[in-house]
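This report concerns only the one structure given below.
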Amino acid sequence: MLYQVYPRSFLDTDGDGVGDLAGVRAKLPYLRWLGVDGVWLSPIYRSPMADFGYDVSDHCAIDPVFGDLPGFDRLLADAHAIGLRLLLDWVPNHTSDRHPWFVESRSSRDSPKRDWYFWRDGHDDGPPNNWRAAFGGQAWTWDESTRQWYLHLFLSQQPDLRWSEPDVVDAMHGVLRFWLDRGVDGFRADVVHLISKDEELPDQPPELADIDLVGVHDHPGAHPLLRNLRAVLDAYPGDRVMVGEVNLGSAARLAPYYGAGDELHMVFNFSLLWAPWDAAHWAGRIAESEAALAPSGAWPVWVLSNHDTPRHRTRYGSEARARVAATVLLTLRGTPFLYAGEELGLADAEVPDGVRVDPGGRDGCRAPFPWDDQAGHGWAGEPWLPWPPDPAVRNAGALAGDRRSILHLYRRLLACRRRSAALHSGTWERLDAPDGVLAYERRAGADVRRIWANFGDEAVAGDAGGDWVVEVAGSGRGEGDPWDGRLAATEALVVRPVG
Ligand code: NOJ
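Per numbering that gives the first Met the number 0, the sequence shown starts with residue 0, numbered consecutively.
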């Protein structure tokens, strides 16, 4: 399981109210205790922070708010020393408008870096095409000094790089090598499906004209670029990986991004993240993903939350449901990603007007991580965002001391996953189940586990036959006992055969 740390919100050690690399380093033992295999750090590079680090102005420097390169090296060394892998976020589609590349590109129409970005004349008095940007507005900004428009699929402070320019490819490969040389285990590649664009930049058809491109842009030119990126990683010893953010919805549309095992190692599958709380929907989407990925050996990646979406408890409405979601997330075939704080069952913070800072309205899920029940919850300074609800009781220290807590459920699920070949690498097969129940079997040779997840608000009779022992129960109740075939309301179980 890979654990996503949003560094601004994890732990502040220097008193500025923003989490830092020293904070991540201090909590590595906690991550080990929890049972994670590796950490993905959201961007830590130098950035004006218009999009909180997803606007990079120097790919090879740590932003001072997080620390410095020696501090990063210490974090990496400590992570490796306790067997944790470390993945960085790599932002290939765009840079900050303050990146020296863009500053140069913008300086004149004759700049040697002019073609590193998309500069175009407009149509009539408007922008070159009808593309919309994520976070709203048109995807073009007029530059008065050189009298052309530049493209940005996100904020105007995030101009899009032009990957058909070979020097851009070389420069971005150089960024990967800089970090691979330092020893990182890989990258999460931000909106990597967007890097290739039709040079004609055609209008979106009328039915798509009102939405931004992020969820629909799927250009074939991405694939050769991805194969070259893969070759950069493959040239390094050890298992270096790239997991791509490809926001195209169904698994069938993600599958091509694995190539023939020569493009992305893994691709985030968000299909459950957007599914309603309904067992039949979840079963359908998991089955669809299996059908799309399993035949080619593509390894799934399951995601139920991240720094862009409301947390489990906020979305599903209760901790009981968050426990069911955790049980499913950690028992599917593939690699689960867990967003820091889900193991505490955090809900999103209420962020009042005037305190909101994110242009995409995502502050709630980025609230600081409460470590203990003291006034500052372990943080050296007053955090940059308000605390999530009930930090005095819902914090890592308090939940670690309560064996019935959701934190201990995550820990038991991860331990179970680790000791069961069926769970970490076995096949997945859907089981017949009563309405409202998601049930499946995982199997690797003789090792078998069954997962029964009751999404409904009423108890049901689950499996009729077979002799099963409860290995992990969402509530903790009855673990180690024979299973009577019943599921309480909103309860999920992992069961194994007797003997
Ligand atoms: C996806 C990231 O997850 C999100 O936080 C960011 O705003 C956009 N990409 C732009 O980089």
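From the three backbone atoms N, C-alpha and C, an ideal C-beta is built for every residue, glycine too. Computed from a prediction, not measured in an experiment: that's the story for all the values here.
Cβ neighbour criterion (16 or more within 10 Å) applied to residue i
i: residue 457; result: exposed
i: residue 295; result: exposed
i: residue 32; result: exposed
i: residue 426; result: exposed
i: residue 454; result: buried
i: residue 59; result: exposed
i: residue 227; result: exposed
i: residue 66; result: buried
i: residue 417; result: exposed
i: residue 143; result: exposed
i: residue 285; result: buried
i: residue 441; result: buried
i: residue 148; result: buried
i: residue 107; result: exposed
i: residue 75; result: buried
i: residue 460; result: exposed
i: residue 288; result: buried
i: residue 82; result: exposed
i: residue 19; result: buried
i: residue 122; result: exposed
i: residue 22; result: buried
i: residue 8; result: buried
First and last residue of the uninterrupted alpha helix (DSSP H) at residue i
i: residue 415; result: 405-418
i: residue 224; result: 221-233
i: residue 177; result: 165-181
i: residue 323; result: 318-328
i: residue 100; result: 99-106
i: residue 20; result: 20-25
i: residue 68; result: 68-80
Under 8 Å between C-beta atoms of residue i and residue j
i: residue 332; j: residue 321; result: no
i: residue 350; j: residue 300; result: no
i: residue 57; j: residue 45; result: yes
i: residue 37; j: residue 84; result: yes
i: residue 398; j: residue 404; result: yes
i: residue 52; j: residue 61; result: no
i: residue 39; j: residue 239; result: no
i: residue 467; j: residue 497; result: yes
i: residue 309; j: residue 50; result: no
i: residue 225; j: residue 262; result: yes
i: residue 27; j: residue 109; result: no
i: residue 319; j: residue 489; result: yes
i: residue 100; j: residue 115; result: yes
i: residue 192; j: residue 221; result: yes
i: residue 448; j: residue 422; result: yes
i: residue 88; j: residue 189; result: yes
i: residue 408; j: residue 473; result: yes
i: residue 133; j: residue 152; result: yes
i: residue 389; j: residue 363; result: no
i: residue 303; j: residue 329; result: no
i: residue 34; j: residue 476; result: no
Residue i - containing beta strand (DSSP E), residue span
i: residue 262; result: Looking at the DSSP string, residue 262 is not in any beta strand (DSSP E), and its letter there is neither H nor E.
i: residue 285; result: Careful: residue 285 lies outside any beta strand (DSSP E), inside the alpha helix (DSSP H) at 278-292.
i: residue 243; result: 240-243
i: residue 185; result: 185-188
i: residue 496; result: 491-496
i: residue 149; result: 147-150
i: residue 308; result: From DSSP, residue 308 is part of no beta strand (DSSP E); its letter is neither H nor E.
i: residue 141; result: 139-142
i: residue 3; result: 1-4
Bridge partner(s) assigned by DSSP for residue i
i: residue 252; result: DSSP output for residue 252 lists no bridge partner at all.
i: residue 35; result: Note: residue 35 sits in no beta bridge, so no partner.
i: residue 61; result: 44
i: residue 425; result: According to DSSP, which records beta bridges pairwise, residue 425 is partnered with nothing at all.
i: residue 334; result: 300
i: residue 392; result: Answer is none; residue 392 lacks a bridge partner.
i: residue 441; result: 427, 448
i: residue 12; result: Paired residue(s): none; residue 12 is not in a bridge.
i: residue 92; result: In the DSSP output, where bridge partners are listed per residue, residue 92 has none listed.
i: residue 472; result: 492
i: residue 87; result: 40, 186
i: residue 131; result: 137, 211
Is there contact here, the region 119-128 with the region 209-216, by at least three beta-carbon pairs under 8 Å?
In this structure the region 119-128 does not touch the region 209-216; the number of beta carbon pairs closer than 8 Å is below three.
Between the region 87-104 and the region 150-157, can you find at least three pairs of beta-carbon atoms closer than 8 Å?
Cβ pair count under 8 Å is three or more, so yes.
Are the region 195-202 and the region 241-255 touching, with three or more C-beta to C-beta distances below 8 Å?
As far as the Cβ criterion goes, the region 195-202 does not touch the region 241-255, which means the pair count is below three.
Taking three-plus beta-carbon pairs below 8 Å as touching, is the region 386-402 in contact with the region 361-373?
As far as the Cβ criterion goes, the region 386-402 touches the region 361-373, which means the pair count is three or higher.
Contact the region 374-385 vs the region 1-16: 3+ CB pairs below 8 Å
Contact between the region 374-385 and the region 1-16 is present, because at least three Cβ pairs lie under 8 Å.
Is the region 1-9 in contact with the region 323-337, if contact means three or more CB pairs nearer than 8 Å?
Segments in contact, yes.
Measuring CB atoms only, is the region 131-140 touching the region 176-186, in the sense that at least three cross pairs come out at less than 8 Å?
Here the region 131-140 does not lie against the region 176-186, with fewer than 3 beta-carbon pairs under 8 Å apart.
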